[in-house]
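Heads up, the sequence shown is in my numbering, so the first residue is 101 and it goes up one at a time.
Heads up, the beta-carbon is just placed ideally off N, CA and C, and yes, glycines get one too.
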Amino acid sequence: MQPEKIVYVSCDSATLARDLKILNEGGYELRKIRAVDQFGQTVHVETVCLLSKLNVEHHIEVELNLDEMDLTAAESKATYEEIKAYVKEQTGLQVSNLYIAQVKRKCGIIERVNYNLSKSEDSRQPKCPPEKEDAIKAALKYFKMI
Numbered sequence: 101m102q103p104e105k106i107v108y109v110s111c112d113s114a115t116l117a118r119d120l121k122i123l124n125e126g127g128y129e130l131r132k133i134r135a136v137d138q139f140g141q142t143v144h145v146e147t148v149c150l151l152s153k154l155n156v157e158h159h160i161e162v163e164l165n166l167d168e169m170d171l172t173a174a175e176s177k178a179t180y181e182e183i184k185a186y187v188k189e190q191t192g193l194q195v196s197n198l199y200i201a202q203v204k205r206k207c208g209i210i211e212r213v214n215y216n217l218s219k220s221e222d223s224r225q226p227k228c229p230p231e232k233e234d235a236i237k238a239a240l241k242y243f244k245m246i
């Protein structure tokens, strides 16, 4: 019959558990559950459950693997300080976090949204000079980030 809703009343928790499992596998979801003590001073309790049919248009199943929640390969490599130190050691150039972020963005390494952007429409942000960009790219390659 596949009704949209089912009200299930049970006096036996074992059969309730068994039947709820079967109904869940059949596409029903437990919405509400209440214990009703109709026989005071006894151990007997009735259980009333409301189940509804899952609407596949409004529900999707998602399976996540915990490995997928780990850092990406690019995020696990070098820190900004390590990149700065590498560039300084290899080229003698000093680079800023801003320049590193610009080069990472150019290379497709998107880290996060910058919420500290200037409110002014005509604000000017210094652009990374080509020699520093090349040095930062070399560092990113060294750390296997690109």
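Contact belief for residue i with residue j at Cβ below 8 angstroms, rounded distance in angstroms
i      : j      : result
Tyr199 : Lys232 : 6 angstroms
Glu104 : Ser152 : 6 angstroms
Gln190 : Cys228 : 16 angstroms between Cβ atoms; not a contact.
Simplified DSSP state of residue i, which is helix, strand or coil
i      : result
Val195 : coil
Thr115 : helix
Glu163 : coil
Val145 : coil
Ala174 : Unreliable placement is indicated for Ala174, whose pLDDT of 46 sits below 50; the coordinate value is still reported in the next sentence. In the structure shown, Ala174 sits in coil (DSSP, three-state: anything other than H, G, I, E or B).
Counterpart residues of residue i in DSSP-defined beta bridges
i      : result
Ser152 : Lys105 and Glu129
Ala135 : Thr147
Residue range of the alpha helix (DSSP H) that includes residue i
i      : result
Lys227 : Note, Lys227: premise wrong, no alpha helix (DSSP H); not H, not E.
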